[in-house]
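Enquirer: Once you've had a glance at the structure underneath, I'll fire off some questions.
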């Protein structure tokens, strides 16, 4: 089952934060103009409110376009399958993955304990001994309906 990683969503919103603030400011200004024109003549009031509403829609379209073509461009491009990753980025990712693997690898000396002669005398501790995480979490998260037995 696909799950949303909220850290990623928050990261994307933080990237788009200046654009969203600009949109909120423009909308607040348009609402203030709509409220301020209430004492104007009826025809003038309708025109001001109509153009204020139009400016809100236009601001939304422009800001969404700026977000899509700005900070979200590479994310959208990669998700649509048309993006490319440079060789430099690929090499850097491989280097980081190798560094993580080297730092996380632990080798133990076998003092004659392995192979275990009587495996019935083994105790397992921890929550994962009774509730294993099949496939990990995030995009690798699975439930029992996907398991093949």
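Residue numbers (the working numbering): 7 to 155. By construction, the Cβ of each residue, glycine as well, lies at the ideal position given by its N, Cα and C atoms.
#1: Apply the 10 Å Cβ neighbour rule to residue 107 and answer buried if 16 or more other Cβ atoms are within range, or exposed otherwise.
#2: Could you tell me the distance, in whole angstroms, from the CA atom of residue 20 to the CA atom of residue 69?
#3: Residue 44 and residue 51: beta carbons closer than 8 Å?
#4: Can at least three beta-carbon pairs, one atom from the region 60 to 67 and one from the region 33 to 40, be found at a separation below 8 Å?
#5: Excluding the 5 residues preceding and the 5 following residue 79 in the sequence, name in chain order all residues of the same chain whose CB lies nearer than 8 Å to its CB.
#6: What do you get for residue 58, buried or exposed, if any count of 16 or more other CB atoms within 10 angstroms of its CB means buried?
#7: Name the two residues that bound the continuous alpha helix (DSSP H) containing residue 30.
#8: Can you tell me whether residue 120 is buried or exposed? The criterion is at least 16 other CB atoms within 10 Å of its CB, across all chains shown.
#9: Thinking C-beta only, is residue 73 closer than 8 Å to residue 22?
Expert: Reading from the atomic positions:
#1: exposed
#2: 15 Å
#3: yes
#4: yes
#5: none
#6: buried
#7: 23 to 42
#8: exposed
#9: yes
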